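Undergrad: In the numbering used here, the protein residues as written are 20 to 622.
So that we are looking at the same thing, I have put the structure below in structure tokens.
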């Protein structure tokens, strides 16, 4: 059976292989077409004015990813521009976004196949590409609309590598090939910051091609270095960095994950060393998948500990394999070099990021897995074919097919988790009950539905798993506040303000709670301070007016009270005060997780 399959693979045209890879990619992703918006889709798509209407190209190039209201931290104009086109096509319906993601995924799988066919035998390349197309770790990038940026960056990078390797094998790159590669590089950079690794991947590919040429019998090593391409890459990088600095008013970047926020570089690297086994598991056996990877579901050891031993072992295995591949297999060398290059920007080793681990960010690094699977198939195929017992050969092939089918089924099932926030967050709590961010998000979801006690329960679990996190304390303070427990809420508001004096939502909540607790003078002072220090003075002016009115109504006559000076009527009613204050997220807060104004129904 194996021999016949190998002959069939070799005999079929490229179109047959493309059809199989596309079928694998579609089978792993089409189940997500009925999903809605979830997680970061809400602030980036639903609440982003740059997405809700079409704008000129110059406006997209001059705006940040999150928008000024949420902090200028990222620069992805191509992604936002495409989102706005998809919004216009569907008039805000999620379907065009998810359909685009699925089509991009199928296209990326085809380019992976084309790239692998340059480096491996046709049959091994096909198996590697199918393995990549059904990889469950890609589910988040495809099912969550904002994961589109991963594909928008990866697709042109893969195409650029294909053009580069194919062109360099023939000699110097043609001007057309150089222009196409530079265009792909520009699109990748403007889609997501990870495009910056393409020059390093091109360098690894140049090393691969030169080793091929030097090992080829009767053929001298390539003597032509693509300096024109090097100069073009430097120019594109320079223009991109200038544009980014201009728009973001600095290099900017996402807010660090709470577990590494404020850590030194050394401590941050210890944290990531302990997570190396988790990266390896997700790339090679992603049976368990989570929407978020945070303590205590994963370790956050910032000093040397036993948790780092497994990471050291995995790095040792990697170095041994790299040493072996360097001497014996150029494609395996390229694959192993691919891993650190593509993991570098997302590993928190070079710069801190907003996640410790995110499945969507493994979209591009997983190409190394496809390459290594292809290398393994190419090396094992002759040995399996030589097995004299036919049923054993068939069993090996059947086992491989079973693994690929299981990957497709797992991917398709995982797509459904991203249906909406309620499904996603509740599933994460069940899958990773020790994840503090999952409980935090579920607590906010219950708070949005007015289920104050259930909200408090999950927020207190979150605080016990990761004590002292200001956003958890802030969310819990709001829940207690809305549940008419202002004395308890005040303690938490003040704790948040002790850590972040610029937290407007905590300042507004504290002033409102002081007023509702009938501490009118303190409420007035808090409102005056808020007006002096805040960017959003409207809520504070309302609170000041109510505090001054209440002071007058309770015979606390003060010449500073404008209502008293104006002779406004007052009331001495003992009716309990309730202050309707519209709470807003402070700049730099945990994006995509907030209490919506129209609360969802939560069971």
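Every residue gets a Cβ at the ideal spot worked out from N, C-alpha and C, and that includes glycine.
Since the model is a prediction, treat every value here as computed from it, not as a measurement.
For a test of the three-state rule: what should DSSP assign to residue 35, helix, strand or coil?
TA: Residue 35: helix per DSSP, three-state reduction.
Undergrad: How is the alpha helix (DSSP H) around residue 61 delimited, first residue to last?
TA: No alpha helix (DSSP H) contains residue 61, which DSSP labels as neither H nor E.
Undergrad: One question on the structure: do residue 55 and residue 438 come within less than 9 Å of each other, judged by their Cβ atoms?
TA: yes
Undergrad: Would you be able to state if there are at least three C-beta pairs under 8 Å between the region 32–44 and the region 277–290?
TA: no
Undergrad: I want to see whether chain D comes within less than 9 Å of residue 218, judged by CB atoms only; does it?
TA: The structure shown has no chain D; it contains just one protein chain.
Undergrad: Considering only C-alpha positions, which residue in the set 207, 176, 92, 468 is nearest to residue 266?
TA: 92
Undergrad: Leaving out five residues before and five after residue 312 in sequence, what residues of the same chain have Cβ atoms less than 6 Å from its Cβ?
TA: 375, 376
Undergrad: Are there 16 or more other CB atoms within 10 angstroms of the CB of residue 277, so buried, or fewer, so exposed?
TA: Result: buried.
Undergrad: Just the C-alpha distance for residue 143 and residue 292, rounded to the nearest angstrom, thanks.
TA: 33 Å
Undergrad: Roughly how many whole angstroms lie between the Cα atoms of residue 553 and residue 533?
TA: 18 Å
Undergrad: Taking residue 520 as the reference, which of 74, 493, 390, 392 has the closest Cα?
TA: With distances taken between CA atoms, residue 520 lies nearest to 493 out of 74, 493, 390, 392.
Undergrad: For a quick check, are the C-beta atoms of residue 379 and residue 535 less than 9 Å apart?
TA: no
Undergrad: Kindly indicate which residue of 298, 219, 539, 500 has the alpha-carbon position closest to the one of residue 466.
TA: 500
Undergrad: My understanding is that residue 95 touches residue 209, with C-beta atoms under 8 Å, so please give their C-beta distance in whole angstroms.
TA: 7 Å
Undergrad: Roughly how many whole angstroms lie between the Cα atoms of residue 456 and residue 444?
TA: 9 Å
Undergrad: Under 9 Å between the Cβ atoms of residue 153 and residue 121?
TA: Their beta carbons are not under 9 Å apart, which means residue 153 does not touch residue 121 by this criterion.
Undergrad: When the Cα of residue 430 is compared with those of 158, 549, 550, which residue comes out closest?
TA: 158
Undergrad: What's the C-alpha gap between residue 177 and residue 310?
TA: Taking the straight line from one Cα to the other gives about 26 Å.
Undergrad: Using three-state DSSP, classify residue 442 as helix, strand or coil.
TA: helix
Undergrad: What separation, rounded to the nearest whole angstrom, lies between the Cα atoms of residue 459 and residue 318?
TA: Distance from the CA of residue 459 to the CA of residue 318, rounded to the nearest whole angstrom, comes to 18 Å.
Undergrad: By Cβ distance, which residues of its chain are closer than 6 Å to residue 419, with the 5 residues on each side in sequence left out?
TA: Apart from sequence neighbours up to five positions away, no residue of its chain approaches residue 419 with a beta-carbon distance below 6 Å.
Undergrad: Looking at the unbroken alpha helix (DSSP H) that takes in residue 479, where does it start and where does it end?
TA: Counting along the chain, the alpha helix (DSSP H) containing residue 479 begins and ends at 471–484.
Undergrad: Pairing CB atoms from the region 353–372 with CB atoms from the region 219–226, are three or more of them under 8 Å?
TA: yes
Undergrad: Thinking just about the alpha-carbon of each residue, which of 396, 544, 37, 128 is nearest to the one in residue 570?
TA: 544
Undergrad: Ends of the alpha helix (DSSP H) at residue 491?
TA: 489–501
Undergrad: For the pair the region 400–419 and the region 330–340, tell me if three or more CB-CB distances fall below 8 Å.
TA: no
Undergrad: How long is the line joining the alpha carbons of residue 245 and residue 202, rounded to whole angstroms?
TA: 16 Å
Undergrad: If you follow the alpha helix (DSSP H) that residue 333 is part of, which residue opens it and which one closes it?
TA: 328–347
Undergrad: My guess is that residue 146 and residue 396 are in contact by the Cβ rule of under 8 Å, so how many angstroms apart are they, rounded?
TA: 5 Å
Undergrad: Which whole-angstrom value is the C-beta distance of residue 182 and residue 172, which I expect to be below 8 Å?
TA: Not a contact, Cβ separation roughly 16 Å.
Undergrad: Measure the beta-carbon distance from residue 334 to residue 295 and round it to whole angstroms, keeping in mind my assumption that it falls under 8 Å.
TA: Correct: roughly 6 Å between the Cβ atoms.
Undergrad: In the DSSP assignment, find the alpha helix (DSSP H) that holds residue 466 and state where it starts and stops.
TA: DSSP places residue 466 in the uninterrupted alpha helix (DSSP H) bounded by 455–467.
Undergrad: Out of 59, 427, 386, 563, which has the shortest C-alpha to C-alpha gap to residue 165?
TA: Of the listed residues, the one whose Cα sits closest to residue 165 is 59.
Undergrad: What are the uninterrupted segments assigned as beta strand (DSSP E) that are 3 or more residues long and contained completely in the region 535–562, given in chain order?
TA: none
Undergrad: Would you kindly work out how many angstroms separate the C-alpha atoms of residue 127 and residue 99, rounded to a whole number?
TA: Cα to Cα, the separation comes out at about 20 Å.
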